[in-house]
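> Numbering (the working numbering), first residue to last: 1 to 174. All C-beta atoms, glycine included, are put in the ideal place defined by N, C-alpha and C.
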Amino acid sequence: MTIKKILIEPNRLLRKVSQPVKKINKEIQRLMDDMLETMYSSNGIGLAAIQIGVPKNLIVIDLLTKDKKKNPIYFINPKIIKKSSRMSNYEEGCLSIPNLFAEVKRPSECDVEYLDYNGKKKIINASGLLATCIQHEIDHLNGILFIDYLSKLKRDIILKKLSKQKIDQKRLVI
Ligand code: NI
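Shown next as structure tokens:
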């Protein structure tokens with residue numbers, strides 16, 4: 001497994017709409033293994049393929065809630081088929097917008113249809129953090145970032161902090 005570089009906003013690839021996976025083969029599985037490894041190495045709980053520059057409808061999630069034991073879920077071609085009308089707020093972050101967080105309101109439950117690691121069709125009823133995470137990751141597949149839900153003022157503050165972080169990181173490298 002290889003740890004890949006995670007794209008940081010602003011990056012036009014993060015705005016690209018990803019495409020469905022037509023055939024699940026070793027190459028796709030290897031890509032998902034790399035995504036998971038990359039996510040774990042950055043202490044993330046979810047990652048979409050586009051975040052490592054691959055515009056395919058692939059997501060990996062591991063909430064690491066049960067005694068910190070690894071319990072990854074692989075989603076191939078995920079699709080939300082039902083959303084609750086009840087909404088909930090969660091302070092979201094994103095590996096492509098490191099160290100910055102903001103509250104986002106989303107449906108508190110959703111049903112998602114997807115293919116698993118081996119191509120088996122599944123439906124999951126997600127609630128709580130899992131529902132938030134799945135919706136956040138599926139947004140990535142459509143080129144949407146959580147900051148898009150914020151007011152322009154809040155979004156601009158985050159983008160400004162992000163560009164400052166980038167400059168600081170460059171300084172550290174030197
Ligand atoms: Ni994200």
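Could you spell out the range, first to last residue, of the beta strand (DSSP E) harbouring E9?
Locating residue 9 in the sequence shown gives position 9, where the first residue counts as 1. E9: not part of any beta strand (DSSP E); DSSP gives it neither H nor E.
> Could you tell me if the beta carbon of S96 falls within a distance shorter than 7 angstroms of some heavy atom in ligand 1?
The sequence position of residue 96 within the sequence shown is 96, counting from 1. Because some heavy atom of ligand 1 lies under 7 angstroms away, the Cβ of S96 counts as near it: yes.
> From I80, L100, Y117, pick the residue whose C-alpha is nearest to that of K161; which is it?
The count along the sequence shown starts at 1 and reaches residue 161 at position 161. Out of I80, L100, Y117, L100 has the C-alpha closest to the C-alpha of K161.
> Tell me which residues share the same chain as F75 and place their Cβ nearer than 6 angstroms to its Cβ, disregarding the 5 neighbours each side in the sequence.
Mapped onto the sequence shown, residue 75 falls at position 75. The answer, listed in chain order, is I59, Y114.
> Please state the DSSP three-state secondary structure of Y40.
To locate residue 40, count along the sequence shown from 1; it is residue 40. Residue state, collapsed to three classes: helix.
> Does the region 24 to 44 come into contact with the region 79 to 86, if we say contact requires no fewer than three beta-carbon pairs (one atom in each stretch) closer than 8 angstroms?
no
> Which term fits V112, buried or exposed, when burial requires 16 or more other beta carbons within 10 angstroms of its beta carbon?
Counting from one through the sequence shown, the residue named residue 112 turns up at place 112. That one is buried.
> Jot down the residue ranges of each uninterrupted beta strand (DSSP E) in the region 60 to 86, minimum 3 residues, whole runs only, in chain order.
73 to 83
> Any contact between the region 88 to 97 and the region 140 to 151? By contact I mean 3 or more CB pairs, one from each, below 8 angstroms.
yes
> Thinking C-alpha only, which one of L141, V104, N142 is nearest K154?
As a position in the sequence shown, residue 154 is number 154, starting the count at 1. Out of L141, V104, N142, V104 has the C-alpha closest to the C-alpha of K154.
> Taking only the alpha-carbon atoms, compute the straight-line gap between E109 and R171 and give it to the nearest angstrom.
Position 109 of the sequence shown, counting from 1, holds the residue named residue 109. Position 171 of the sequence shown, counting from 1, holds the residue named residue 171. When rounded, the separation of the alpha-carbon atoms in E109 and R171 is 43 angstroms.
> Once the 5 residues before and after V21 are set aside, which same chain residues still bring their CB inside 7 angstroms of it?
As a first step, residue 21 must be located in the sequence shown, where it is residue number 21. Correct list, in chain order: I28, K56, N57, L58, I76, N77.
> Under 8 angstroms between the Cβ atoms of L150 and A102?
Residue 150 sits at position 150 when you count from the first residue of the sequence shown. Residue 102 sits at position 102 when you count from the first residue of the sequence shown. Contact flag set, yes.
> If I follow the unbroken alpha helix (DSSP H) through G128, where does it start and stop?
In the sequence shown, residue 128 corresponds to position 128, counting from 1. Note, G128: alpha helix (DSSP H), 128 to 141.
> Classify E92: buried if its beta carbon has 16 or more other beta carbons within 10 angstroms, exposed otherwise.
Locating residue 92 in the sequence shown gives position 92, where the first residue counts as 1. Buried: at least 16 other Cβ atoms inside 10 Å.
> So is R106 buried or exposed if we call it buried at 16+ other beta carbons inside 10 Å?
Here residue 106 refers to the residue found at position 106 of the sequence shown. The C-beta of R106 has 16 or more other C-beta atoms within 10 Å across all chains shown, which makes the residue buried.
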